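In this note's numbering, the protein residues as written are 2 to 259. Every residue gets a Cβ at the ideal spot worked out from N, C-alpha and C, and that includes glycine. All values reported here derive from a predicted model rather than from experimental measurement. Read the structure below first, then the notes.
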Amino acid sequence: MVRGGRGTRFDSDRARAAVFASEAAIPDILADRRAALFALAAMMGRVPADYPRELEGCTTIPSLRRPLPIGEGAMLLKRRPDIRRAERLLAAATAGIGVAEADLYPRISLGGSAGTATSVGHALAPSSFGFSLGPLVSWSFPNRKAVRARIDEAGADGDAALAGFDGSVLLALQQTETALSAYARSRDRLDALERAAGAAGKASGDAEKLQRFGRTPFLDVLNAQASYADAQTSLSSARASLVDRQIDLFLALGGGWE
């Protein structure tokens, strides 16, 4: 372009600077990738260099191929080890009293709409109480009068165990709602960035065509290409963030799927 009179030395230097800046980011990315492989090996109980070699060929961020098989709400809770532990402690503290598991767990609805249960702080009918944690999780406990009377027979140990169980259940519900909300917002952000990257790519291509016909300066092309590169970087970051939110959701729901 410089030899043909269609560009200046300044344009050429700016283009080279942009290329060198992009190349300078590659070593850090490769180092982070290697560190992630070593961390994965450690989680698998292996020495760092013994990570699965097939991962070296992974060029895309993993994503869900189908919806999570969450299942019935109470089973969501029972998959969590902290809930199972609290349940066993309660069972030990109330041994011989005959407390049914069904009387302990709340009824849970996932993915419902706002208003499927009363808003926070408002009681339902006398036989039960429940809350709606936004549009994603609603829950209600069964009537516990009979259960409470039986647990009172176990004394302070029974009361403490029930309080610990309820605390674990409420924490699980809070973590589930938080994870579902964060995942949904990350999905929305990814969708928006995909549109932004598509528009930036089109603008970059249009700028290159216009520049070839002498209808726009090379600086405009360089700026459009830089904007497209930034959009692609943001998109990759959003995809990685979505995977992190998926992992948080797996943990909140107790996992256990293949």
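Looking only at Ser182, Gln226, Lys203 and Ala200, the smallest Cα-Cα distance to Arg246 is reached by Ser182.
Within the stretch 153-199, no run of beta strand (DSSP E) at least 3 residues long lies entirely inside it.
In chain order, Leu77, Arg80 and Arg81 place their CB closer than 7 Å to the CB of Gly255, counting only its own chain and leaving out the 5 sequence neighbours on each side. Rounded to whole angstroms, Val20 and Gln233 show a C-alpha spacing of 15 Å. With a beta-carbon spacing of about 6 Å, Arg15 and Leu223 fall inside the 8 Å limit used to define contacts. Counting C-beta pairs closer than 8 Å gives fewer than three between the stretch 214-230 and the stretch 163-173, which falls short of the contact rule. Between Phe219 and Asp33, the C-beta spacing is not below 7 Å.
Around the beta carbon of Ser238, a 10 Å sphere encloses fewer than 16 other beta carbons of the protein chains shown; the residue is thus reported as exposed. Around the beta carbon of Glu178, 16 or more other beta carbons lie within 10 angstroms, which makes this residue buried.
For Arg17, the three-state secondary structure derived from DSSP is helix. Distances from the CA of Ser205 to each of Ala241, Ser23 and Ala227 were compared; the closest alpha carbon is that of Ala227.
Restricting attention to Asp231, Gly156 and Ala180, the CA atom closest to the CA of Leu252 is found in Ala180. In this structure, the alpha-carbon of Arg35 lies about 13 Å from that of Val48. Assigned with DSSP and collapsed to three states, Thr9 falls in coil, not helix or strand. Contact check for Tyr229 against Ala201 passes: the beta carbons are separated by less than 7 Å. For Ile62, there is no enclosing alpha helix (DSSP H), as DSSP gives it neither H nor E. With a 10 Å radius around the Cβ and a threshold of 16 neighbouring Cβ atoms, Thr95 comes out buried. Glu88 and Gly156 have their C-alpha atoms spaced approximately 17 Å apart.
Here Pro28 carries a helix assignment [DSSP, helix/strand/coil]. Counting every other CB atom within 10 Å of its CB across the protein chains shown gives Ala40 a total below 16, marking it as exposed. The Cβ-Cβ distance between Leu90 and Ala150 does not fall below 7 Å.
Under the three-state reduction of DSSP, Pro218 is assigned to coil, being neither helix nor strand. Counting along the chain, the unbroken alpha helix (DSSP H) around Arg85 starts and ends at Pro82 to Ala94. Straight through space, the alpha carbons of Glu24 and Arg17 are spaced by roughly 11 Å. Shown here for Ala241: same chain residues with a beta carbon closer than 7 Å to its own, the five before and five after excluded, namely Ile62 in chain order.
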